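In my numbering, the protein residues as written are 5 to 357.
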């Protein structure tokens, strides 16, 4: 009768599985692998000496390669974060930027090599002349601001001052853009109208439906447009006799509010008459009201246009209205606490009426 031999059982009281490594597997190195790996070579004797980087990891095992992204359970999970590994799409400018930079660097290197080769073939006197010529060329480029870098953009058009600044002028105060941008006025209430004058034509809604097929022909507006200035405004003159000490127009206020974004030079004329200040601007043309039908209905304000006289043809006068508003409430300085007048030139659409 065959004898039964009981197998050796590996008892692991502190865990599960075998508690010891067999002797025949004791010195065998372990390499993690996956059945999905492609087998294309027996051994890798070259290491990281691939000339073409595209085939570096083609046949290498990727099993366990992303272990640094694996999740390990810990007691404190507040520091766990997910990393966004999605690739961002580069714009055409970013893709071509390095290409142009490499091309310019290669061109400069070729130019230097050619210059060095020519210097080697020249005699001593000619070499000295060539060095002097290159030194004068660098001095000229530095003096007149010739572009050297491929990404350096020069100013397309020189911007001169709006007025000629003379040397005998005295600078009262100078403020830079960062200081102006940090200035902020307190919250003010909605202004109220002191006086409204003029009449406005309604907006032609056909301009909202303009397409490549539905065109609208532009017409020249030959109407009289009165340039609104502070000192020549009859309404402001009338208000200056009774109330107010600071007077300005809407264009001047808009210029002051947008001064931190200014690119071109501009100036404002300030006139002091007694204890009153008048902010003026230079006479200039205004854009025409071509988006309003000629001879159409007008929205009239309580007071007539102060520039229109009795013997003047009213059909030739541009569609303009003027509003006078008081100063913003909440000013704490005593001189500005008084009422002031602002003549505002507005063009109102029919949807706003």
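Here a beta-carbon is modelled for each residue, glycine too, at the ideal position from N, C-alpha and C. All values derive from a computational prediction rather than experimental measurement.
A straight line joining the alpha-carbon of residue 139 with that of residue 131 spans about 12 Å. For residue 106, the three-state secondary structure derived from DSSP is helix.
Within 10 angstroms of the beta-carbon of residue 244 lie 16 or more other beta-carbons, which makes it buried.
DSSP, reduced to helix, strand and coil, places residue 253 within a strand of the structure shown.
When only Cα atoms are considered, residue 17 and residue 24 end up about 12 Å apart.
Residue 283 is not a Cβ neighbour of residue 240, given a cutoff of 8 Å.
Counting along the chain, residue 240 sits inside no beta strand (DSSP E); it lies in the alpha helix (DSSP H) bounded by residues 238-244. Cβ atoms of residue 184 and residue 264 come within 8 Å of each other, at about 5 Å.
Contact annotation: residue 272 and residue 259 have beta-carbon atoms nearer than 8 Å.
Under the three-state reduction of DSSP output, residue 140 falls in the helix class.
Following the DSSP letters along the chain, one finds residue 280 inside the beta strand (DSSP E) bounded by residues 280-284. Here residue 273 is bridged, per DSSP, to 284.
Taking a 10 Å sphere around the C-beta of residue 237, we find 16 or more other C-beta atoms and assign the residue as buried.
Residues of the same chain with a CB within less than 8 Å of the CB of residue 136, apart from the 5 flanking positions on each side, do not exist.
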